[in-house]
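The next block holds one structure in the form of structure tokens; read it before the comments.
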Amino acid sequence: MLDQTHPAPLPPETRAGREWAQLLAKYREPSSPRAAFELCVTVGPFLALWGLAWWALSLSYVLSVVVALCAAPFLLRLFAIQHDCGHGAFFKSRSMNDWLGRALGVVTLTPYDVWRHSHSIHHSSSGNLGRRGIGDINTLTVAEYAALTPFQRLKYRLYRNPLVLFGLGPGYIFLLENRLPLGFMGKARYWVSAMATNAVLVAVLGLVAWFGGLMPILLIFLPSTVLAATAGMWLFYVQHQFETTHWEAEENWQLHDAALEGSSHYVLPGWLQWLSANIGIHHVHHVNSRIPFYRLPEALRDHAQLAQMNRMTIRESLANARLHLWDEKARRLLSFAEARAVIEAA
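Using the working numbering, you'd call the opening residue of the sequence shown number 21 and step up by one each time.
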């Protein structure tokens, strides 16, 4: 007899995002020993490289900058750990996640409570054309772009220019924008988060300047921070900006389908995947954000279809950087040149 209480699972090719979310729930359980290990092997090298770069100041400024840049990937990994804390996915304890996240927020220049709220909005609205604007890369449809004035089009083209997105943008966001709870200015708790982070950051940098002068700040802190921010901005960009990504009108939008179809699987060499804390397995993360980063590869090993879904190589990601506008009819991202042809043909 058929078991009516446990229906047979759907074949992989017919699974929707909701079914994947349920199937992946078994990977959600964090391991505190594993989390502690991941934290140690990230904080340890980061501090060691910072110390080495400081020592190198007495030998060569150039050498100091080079060593500082080597610390940037570990700073990026600390941000990824903070990211998991925000999802309650790093330690089992909610309070341990939150206090570690707040401490790391000083190092990553990111007020934890402000960012956690903004990022939760990103997860709850990713791919929803009716809820754009918080925690994502601003993306217009072809029709919206066509309706803009020439000056508005110029502003959007400048915003989407790689020199702005990955040149000026990362430093502006992490060094300046994050100093205020923009978007949540009316909530006291977010002001407390931002101002407390700023106060501790000023105190730490003040101690650095007291003991080492301005050079550690100019040649170690700033280069490592800006490089880590740039790499993080690039990773965030390629996670959702690809030709066959998913955007849907609000009335037709479904959370889990948007998560599955609108997030990439960025295939990186093993060492880059480790330094980025598996964040390239982004489609799995978005379908079930409570899965710790150190368990994401398990999901790919156990489910071959997920390993093949939304795959993007580094070469392909570079090509996707030229795509800027969503075509609602063709359901794909277009370059400005492709969009112009569509607009002229309409």
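No residue lacks a Cβ here, since even glycine has one placed at the ideal position from N, Cα and C.
Given that a residue counts as buried once 16 or more other Cβ atoms are within 10 Å of its Cβ, and exposed if not, what is residue i?
i: W70; result: buried
i: V307; result: buried
i: Y81; result: exposed
i: G206; result: exposed
i: I363; result: exposed
i: L354; result: buried
i: T25; result: Only weak support is given to the placement of T25: the predicted model assigns it a pLDDT of 36, under 50, and the question is left unresolved by the model.
i: R209; result: exposed
i: I299; result: buried
i: V85; result: buried
i: T159; result: buried
i: K349; result: exposed
i: W346; result: buried
i: T264; result: exposed
i: P29; result: Here P29 scores only 43 on pLDDT, less than 50, and its place in the model is too uncertain to base an answer on.
i: G150; result: exposed
Less than 8 Å between the CB atoms is what I'm expecting for residue i and residue j, so what's the real figure, rounded?
i: H266; j: G147; result: 5 Å
i: L320; j: T245; result: About 31 Å separates the two Cβ atoms, so there is no contact after all.
i: V304; j: R331; result: Actually they do not touch by this definition, with Cβ atoms about 13 Å apart.
i: G125; j: T217; result: 5 Å
i: Y165; j: Y179; result: At roughly 12 Å, the Cβ-Cβ gap does not stay under 8 Å, so Y165 and Y179 are not in contact.
i: P312; j: P50; result: 5 Å
i: Y132; j: S213; result: 6 Å
i: G435; j: W74; result: Because the chain here runs from 21 to 366, residue 435 falls outside it and cannot be looked at.
i: S283; j: A100; result: Not quite, the Cβ-Cβ distance comes to about 15 Å (not below 8 Å), so this is no contact.
May I ask you to list the residues that DSSP assigns as paired with residue i?
i: I301; result: H285
i: L345; result: L160 and L354
i: V332; result: Note on residue identity: the sequence assigns Met, not Val, to residue 332. In DSSP, M332 forms a bridge with Y286.
Pick from the options: whose alpha carbon is nearest that of residue i?
i: A219; options: R122, G150 and R151; result: R122
i: D104; options: W135, W75 and V85; result: W135
i: Q293; options: I193, Q172 and F94; result: F94
i: L247; options: C90, H276, A76 and G150; result: C90
i: R97; options: S84, V127, L280 and W74; result: V127
i: S309; options: R335, L280, S296 and H323; result: L280
i: F110; options: P201, A163 and A55; result: A55
i: Y47; options: R360, H323 and M329; result: H323
i: W211; options: V61, H137, Q328 and W291; result: H137
i: A361; options: A163, N117 and A36; result: A163
i: F256; options: N272, L234 and H302; result: H302
Runs of alpha helix (DSSP H) wholly within the stretch 193-269 (minimum 4 residues, chain order): If one requires a minimum length of 4 residues, the alpha helix (DSSP H) runs lying completely within the stretch 193-269 are 208-232 and 242-260, in chain order.
Sequence ranges, alpha helix (DSSP H) only - wholly within the stretch 143-196, length at least 4: Taking 4 residues as the minimum length, the alpha helix (DSSP H) runs contained wholly in the stretch 143-196 are 162-166 and 170-180, in order along the chain.
Runs of alpha helix (DSSP H) wholly within the stretch 42-93 (minimum 4 residues, chain order): Within the stretch 42-93, the runs of alpha helix (DSSP H) at least 4 residues long that lie entirely inside it are, in chain order, 52-76.
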